[in-house]
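Line order of the protein sequences matches chains A and B.
Heads up: the first sequence begins at 1 in the UniProt record's numbering, then just goes up one per residue.
Heads up: the second sequence begins at 1 in the UniProt record's numbering, then just goes up one per residue.
Cβ coordinates follow ideal geometry from the N, Cα and C atoms, glycine included.
What you are looking at is a predicted structure, and each value in this text was computed from that prediction instead of being measured.
A quick write-up on the structure given underneath.
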Amino acid sequence: MEVSVIGNPQTKKIYRAELTYRELGFRLGSQNISGDSRNRVSFLTHQSSKWKEIKIRSSPRSVRCEAIVSDQAPFLKPTPNSRSLESVKLFVGLPLDTVSDCNNVNHLKAITAGLKALKLLGVEGIELPIFWGVVEKEAPGKYEWSGYLAVAEIVKKVGLKLHASLSFHGSKHPEISLPDWVAKIGEAEQGIYFTDRYGKQYKDCLSFAVDDVPVLDGKTPMEVYGSFCESFKSAFSDYMGNTITGITLGLGPDGELRYPSHQHETKVSGAGEFQCYDKHMLSALKHYAESTGNPLWGLGGPHDAPAYDQQPHSTPFFSDGGSWESQYGDFFLTWYSSLLTSHADRVLSVASSAFKGTGVSLCGKLPLLHQWNKLRSQPSELTAGFYSSGGHDRYEAIAEIFAKNSCRMIVPGMDLSDEHQSPASLSSPESLLAHIKTSCKRQGVVVSGQNSAASVPGGFERIVENLKDESVGVDLFTYQRMGAVFFSPEHFHAFTVFVRNMNQFELSSYDQAVEGDKAKTMSIGSGTTGAASLQTA
Amino acid sequence: AEGKIYVRLKKVKENDWELSVGCSLPGKWILHWGVSYVGDTGSEWDQPPEDMRPPGSLAIKDYAIETPLEKLSEGDSFHEVTINLNLESSVAALNFVLKDEETGAWYQHKGRDFKVPLLDDVPDDGNLIGAKKGFELLSLEYLGALGKLSNIIVKQGKSSSGSTKERKGLEEFYEEMPISKHVSGDNSVSVTARKCPETSKNIVSIETDLPGDVTVHWGVCKNGSKKWEIPAEPYPEETFLFKNKALRTRLQRKDSGDGSFGLFSLDEKLEGLCFVLKLNENTWLNNRGEDFYVPFLTSTSLPVETEAAQVSGKTPKTNQEVSESGFTDEIITEIRNLAIDISSHKNQKTNVKEVHINILQEIEKLAAEAYSIFRSTTPTFTPEKEVGYDGWRLDFVRGFWGGYVKDYMDASKPYFAVGEYWDSLSYTYGEMDYNQDAHRQRIVDWINATSGAAGAFDVTTKGILHAALQKCEYWRLSDPKGKPPGVVGWWPSRAVTFIENHDTGSTQGHWRFPGGKEMQGYAYILTHPGTPAVFFDHIYSDYRSEIASLLSLRNRQKLHCRSEVNIVKSERDVYAAIIDEKVAMKIGPGHYEPPSGSQNWSVAVEGRDYKVWETS
Numbered sequence: 001m002e003v004s005v006i007g008n009p010q011t012k013k014i015y016r017a018e019l020t021y022r023e024l025g026f027r028l029g030s031q032n033i034s035g036d037s038r039n040r041v042s043f044l045t046h047q048s049s050k051w052k053e054i055k056i057r058s059s060p061r062s063v064r065c066e067a068i069v070s071d072q073a074p075f076l077k078p079t080p081n082s083r084s085l086e087s088v089k090l091f092v093g094l095p096l097d098t099v100s101d102c103n104n105v106n107h108l109k110a111i112t113a114g115l116k117a118l119k120l121l122g123v124e125g126i127e128l129p130i131f132w133g134v135v136e137k138e139a140p141g142k143y144e145w146s147g148y149l150a151v152a153e154i155v156k157k158v159g160l161k162l163h164a165s166l167s168f169h170g171s172k173h174p175e176i177s178l179p180d181w182v183a184k185i186g187e188a189e190q191g192i193y194f195t196d197r198y199g200k201q202y203k204d205c206l207s208f209a210v211d212d213v214p215v216l217d218g219k220t221p222m223e224v225y226g227s228f229c230e231s232f233k234s235a236f237s238d239y240m241g242n243t244i245t246g247i248t249l250g251l252g253p254d255g256e257l258r259y260p261s262h263q264h265e266t267k268v269s270g271a272g273e274f275q276c277y278d279k280h281m282l283s284a285l286k287h288y289a290e291s292t293g294n295p296l297w298g299l300g301g302p303h304d305a306p307a308y309d310q311q312p313h314s315t316p317f318f319s320d321g322g323s324w325e326s327q328y329g330d331f332f333l334t335w336y337s338s339l340l341t342s343h344a345d346r347v348l349s350v351a352s353s354a355f356k357g358t359g360v361s362l363c364g365k366l367p368l369l370h371q372w373n374k375l376r377s378q379p380s381e382l383t384a385g386f387y388s389s390g391g392h393d394r395y396e397a398i399a400e401i402f403a404k405n406s407c408r409m410i411v412p413g414m415d416l417s418d419e420h421q422s423p424a425s426l427s428s429p430e431s432l433l434a435h436i437k438t439s440c441k442r443q444g445v446v447v448s449g450q451n452s453a454a455s456v457p458g459g460f461e462r463i464v465e466n467l468k469d470e471s472v473g474v475d476l477f478t479y480q481r482m483g484a485v486f487f488s489p490e491h492f493h494a495f496t497v498f499v500r501n502m503n504q505f506e507l508s509s510y511d512q513a514v515e516g517d518k519a520k521t522m523s524i525g526s527g528t529t530g531a532a533s534l535q536t537a
Numbered sequence: 001a002e003g004k005i006y007v008r009l010k011k012v013k014e015n016d017w018e019l020s021v022g023c024s025l026p027g028k029w030i031l032h033w034g035v036s037y038v039g040d041t042g043s044e045w046d047q048p049p050e051d052m053r054p055p056g057s058l059a060i061k062d063y064a065i066e067t068p069l070e071k072l073s074e075g076d077s078f079h080e081v082t083i084n085l086n087l088e089s090s091v092a093a094l095n096f097v098l099k100d101e102e103t104g105a106w107y108q109h110k111g112r113d114f115k116v117p118l119l120d121d122v123p124d125d126g127n128l129i130g131a132k133k134g135f136e137l138l139s140l141e142y143l144g145a146l147g148k149l150s151n152i153i154v155k156q157g158k159s160s161s162g163s164t165k166e167r168k169g170l171e172e173f174y175e176e177m178p179i180s181k182h183v184s185g186d187n188s189v190s191v192t193a194r195k196c197p198e199t200s201k202n203i204v205s206i207e208t209d210l211p212g213d214v215t216v217h218w219g220v221c222k223n224g225s226k227k228w229e230i231p232a233e234p235y236p237e238e239t240f241l242f243k244n245k246a247l248r249t250r251l252q253r254k255d256s257g258d259g260s261f262g263l264f265s266l267d268e269k270l271e272g273l274c275f276v277l278k279l280n281e282n283t284w285l286n287n288r289g290e291d292f293y294v295p296f297l298t299s300t301s302l303p304v305e306t307e308a309a310q311v312s313g314k315t316p317k318t319n320q321e322v323s324e325s326g327f328t329d330e331i332i333t334e335i336r337n338l339a340i341d342i343s344s345h346k347n348q349k350t351n352v353k354e355v356h357i358n359i360l361q362e363i364e365k366l367a368a369e370a371y372s373i374f375r376s377t378t379p380t381f382t383p384e385k386e387v388g389y390d391g392w393r394l395d396f397v398r399g400f401w402g403g404y405v406k407d408y409m410d411a412s413k414p415y416f417a418v419g420e421y422w423d424s425l426s427y428t429y430g431e432m433d434y435n436q437d438a439h440r441q442r443i444v445d446w447i448n449a450t451s452g453a454a455g456a457f458d459v460t461t462k463g464i465l466h467a468a469l470q471k472c473e474y475w476r477l478s479d480p481k482g483k484p485p486g487v488v489g490w491w492p493s494r495a496v497t498f499i500e501n502h503d504t505g506s507t508q509g510h511w512r513f514p515g516g517k518e519m520q521g522y523a524y525i526l527t528h529p530g531t532p533a534v535f536f537d538h539i540y541s542d543y544r545s546e547i548a549s550l551l552s553l554r555n556r557q558k559l560h561c562r563s564e565v566n567i568v569k570s571e572r573d574v575y576a577a578i579i580d581e582k583v584a585m586k587i588g589p590g591h592y593e594p595p596s597g598s599q600n601w602s603v604a605v606e607g608r609d610y611k612v613w614e615t616s
């Protein structure tokens with residue numbers, strides 16, 4: 001009969017303390033204590049120095065048995081040739097609806113508590129999505145920053161950095177639309193939104209074709225975005241360069257640089273559709289076709305592309321030897337992708353002139369269109385606007401634009417691994433990610449990471465692998481995103497482990513403390529004496 | 001104070017044995033005990049037979065007895081209680097913990113009950129080798145958590161392979177274990193004063209591990225006097241004005257239940273905070289007859305240590321009217337400066353670990369707070385309802401000390417109450433650990449703190465089912481002792497088994513059960529002990545008729561929360577068990593058929609990767 005007397009309510013702290021200990025394995029009987037430096041015999045998890053008399057003894061009877069006290073929060077083993085994660089700054093995104101469209105801060109108390117928790121955990125900063133539709137809701141030029149300013153103040157007080165995402169798009173969940181006055185214009189005048197071949201409009205983002213068309217009360221969207229940036233700069237001048245260290249410019253749907261090729265909310269099964277059917281797009285296409293001597297090609301988009309819910313190969317366009325590889329295909333796709341590239345250039349130029357000299361780094365986000373990317377045609381990327389004639393690198397032109405504007409590139413999906421993709425989707429997020437990273441490296445563009453929206457199995461492990469990758473040094477990672485799921489026990493625990501795996505410094509200072517304590521308190525340990533006394537068991 | 005607990009099993013005459021439990025320390029000692037009967041599973045206690053209960057015993061619900069220890073002689077601090085064992089009954093073991101009513105401290109056995117076996121443990125049917133091993137591990141180690149270990153000679157019944165009812169292995173023994181009564185010299189109050197750099201406010205945090213409710217009776221000082229003044233609002237939560245002279249703030253209980261804390265944010269112009277602590281109507285703590293005084297810094301840049309030193313290391317005397325002076329006299333209140341700023345702590349090597357633990361506790365507390373708000377503000381479209389009970393459902397009780405729940409339950413006396421103590425299971429390198437004892441122990445501790453007034457959702461079982469079903473690891477469903485690995489394996493009558501609720505599933509989906517495998521989950525929980533809860537959404541799903549068949553089977557065969565489960569297979573791809581010898585079930589793609597022996601099994605319910613049989 002084994003007896004221990006644990007006599008004080010204080011002992012409950014032991015359970016809490018477990019969180020902080022590393023894996024412990026010790027074996028009795030014929031097994032040896034594993035005494036390498038990774039193992040800390042640490043179930044004497046007391047926190048007060050008064051508990052120093054703790055001893056372990058075993059009775060004379062000998063039976064082979066084992067006890068593995070496993071830690072709740074193991075640290076990853078350092079792999080020798082991977083880079084240290086110390087230099088990676090970790091950010092966490094705030095909920096999309098942090099500020100309501102009446103400029104109230106939603107879940108203020110929860111956010112405050114959450115930010116404190118993250119600060120204590122060692123997170124560097126916070127990403128705050130700022131919506132055009134919230135700030136400039138009522139009338140052009142009438143900005144209401146109060147809600148976002150309140151959040152910035154909280155972030156500053158907690159001592160975190162802030163990364164502002166200026167979002168010129170709307171969101172479905174939670175529902176945040178473009179400014180009311182823009183929506184009104186959209187109703188009156190068809191053609192400012194992306195439109196698919198069925199005439200369905202995507203009302204959460206303006207078409208790339210109107211970038212320089214004065215559709216917004218006599219102003220072009222670029223002028224409106226520019227004024228928005230200027231207003232932001234002056235409203236947040238106290239925070240610029242100190243609390244605010246980065247600004248991400250919204251480049252398209254969900255902030256990502258792409259066409260809204262998937263308009264259906266249902267499960268993504270197809271490769272998406274081309275979005276070139278709004279008035280301005282069609283006229284640009286017509287103009288381009290005429291100027292290249294193929295007026296008949298400018299009457300509309302590809303007629304043999306699959307529908308949203310169709311498999312890419314169900315129609316000829318994306319098949320091997322299909323239209324995409326034809327002269328027509330090259331014509332269309334070159335034009336379609338050039339609009340994407342020039343849109344990126346316009347927005348980033350506007351932003352870089354607005355934020356010049358503020359000491360804030362600029363970023364833009366790309367999508368990770370990994371579905372179907374094992375097909376030669378890479379249809380998901382084509383419908384979203386990523387193409388390069390003659391099989392050249394389809395991300396090179398984009399990376400060049402980013403480099404030109406000294407802009408960082410945010411690449412999401414760093415939590416995705418090939419093995420968790422359904423084989424039917426012919427998807428390889430890992431190789432696409434590697435591809436984009438290489439393109440960036442070639443152009444000298446710094447890459448920041450994000451995870452994908454939904455949590456995936458093995459996601460944290462995959463992120464760490466990605467961050468350790470030496471070939472392209474990702475020095476900033478933003479985890480998306482705070483909310484109920486984020487703080488739910490299973491998830492938050494996993495996140496805690498993830499953060500601590502990244503935080504080498506805390507770890508080492510902590511080790512020393514454990515070591516010191518061990519020397520004072522343990523009668524067993526990694527030494528042979530301890531092992532011998534246990535082996536008498 | 002250090003002393004010992006002893007346990008003595010003595011044979012008075014043939015078939016007349018007595019067990020004595022004693023303690024050498026002064027205190028108001030209570031033996032909190034129950035028995036296990038032959039065939040009982042898990043760590044569940046039962047009421048002992050009437051004739052075993054010493055006079056003065058009080059029954060606690062239906063599972064325990066509390067018997068006070070009597071002083072052996074006047075002027076001696078030895079306390080003892082003797083129980084006459086009824087060996088005619090089928091009592092297999094006696095379980096107890098020792099409680100000191102003065103301090104509220106529980107003296108346990110490695111976080112579990114003391115267990116005195118009165119029968120030889122006979123292996124079930126040879127498949128419990130793991131269990132045997134585990135058992136012997138327990139009987140090998142002596143773990144004195146609080147004191148030095150004395151040499152203890154174990155005398156235990158030699159194992160015999162006789163029939164279970166024979167007590168021939170029973171031998172007399174006497175054991176002593178050292179204990180130290182921790183109230184003496186071990187409670188502390190930590191006071192931290194700092195300036196908030198942004199608002200210049202003075203932030204005072206008071207933290208203590210004193211058990212029970214602690215109220216801070218306080219005021220502020222200004223203009224160079226130490227006269228108590230009432231500061232302007234706002235005040236911390238639970239603050240009341242006392243006769244216009246002082247404020248009274250009840251400190252908040254820590255999540256772990258072992259102490260309390262409070263934060264006071266005070267105007268920058270104030271010079272200090274004075275306070276005394278009130279433990280109950282008659283017990284006050286002060287600083288050697290003086291009020292505690294915490295001076296504030298006038299300049300924001302000065303370190304706080306020097307100022308705080310003024311109040312450090314003092315032993316407070318208690319008000320002499322106190323009746324419970326035995327307890328309070330000995331309290332050494334240690335006031336130390338515990339700066340919250342992390343960076344400053346990095347230099348204080350000795351404190352690093354303690355600070356780490358504090359930080360982790362703080363992180364956990366904050367995250368739990370954030371979660372409880374976020375999830376309540378996240379819109380839910382589905383009405384939530386646990387089917388079949390009239391009672392309380394206590395949402396997310398982590399951070400809600402069990403003792404409060406008890407008070408609440410005592411006041412409201414519901415037919416049924418269940419708490420949701422949800423924290424994370426244990427993982428190693430992202431892989432769920434096989435052994436989830438620590439996890440279920442935390443839930444059991446929570447139930448214990450409610451004195452069994454509330455049951456708890458068996459989050460452990462849900463988590464293990466996730467891993468088992470998702471990754472085809474059905475071996476997880478048997479613990480090393482061959483029992484269910486969740487709370488239901490230890491305390492089935494308090495375990496509310498479930499596979500989904502409105503937070504984990506439905507529109508919120510914070511921890512969704514593996515999709516498509518819900519019926520395997522129901523085949524498990526609706527045939528097993530514990531009190532199963534069916535998720536409202538599932539009743540209105542395609543699973544409706546299958547769930548209904550399982551429910552009527554449970555009723556028809558009168559399976560209940562203490563039904564006995566006999567796990568017959570737990571392999572990679574199949575788990576099978578026989579419950580109360582009348583229902584057999586298997587889940588997983590693997591093959592299993594109940595034995596075609598004396599019993600006649602017929603299939604009762606069947607579906608994708610599960611099958612349930614009953615005897616006819």
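Annotated three-state conformation of I499(B) is coil, per DSSP. About 18 Å separates the beta carbon of E430(A) from that of S448(A), a gap too long to meet the 8 Å contact definition.
Interface with chain B (8 Å Cβ-Cβ cutoff): L299(A) is excluded. Closest option to V182(A), judged by alpha-carbon separation, among Y328(A), R197(A), V224(A): V224(A). Listed in chain order, the beta strand (DSSP E) runs fully inside the region 291-372 of chain A are 361-365, counting runs of at least 3 residues. For Y522(B), the uninterrupted alpha helix (DSSP H) segment begins and ends at 518-525.
Taking the CA atoms as reference points, E153(A) sits about 28 Å from S452(A).
For the pair H79(B) and L72(B), the CB atoms are nearer than the 8 Å cut-off.
Distances from the CA of V7(B) to each of P54(B), P26(B), E175(B), A93(B) were compared; the closest alpha carbon is that of E175(B). Bridge partners of W475(B) according to DSSP: none are assigned. Here W601(B) carries a strand assignment [DSSP, helix/strand/coil].
Per DSSP, the beta-bridge partners of Q450(A) are T478(A).
In this model, E461(A) and L266(B) are separated by some 45 Å (Cα to Cα).
Interface residue (Cβ-Cβ distance to chain B less than 8 Å): G93(A) is not classified as such. Neighbours of I447(B) across chain A, judged by C-beta separation under 7 Å, do not exist; the nearest C-beta is about 14 Å away. In the displayed model, P457(A) falls within coil according to three-state DSSP, outside both helix and strand.
Residues of chain B with a Cβ closer than 7 Å to the Cβ of F487(A) are, in chain order, A367, A370, Y371, F374.
Distance from the CA of P26(B) to the CA of D100(B), rounded to the nearest whole angstrom, comes to 9 Å. Following the DSSP letters along the chain, one finds Q436(B) in no beta strand (DSSP E), marked with neither H nor E.
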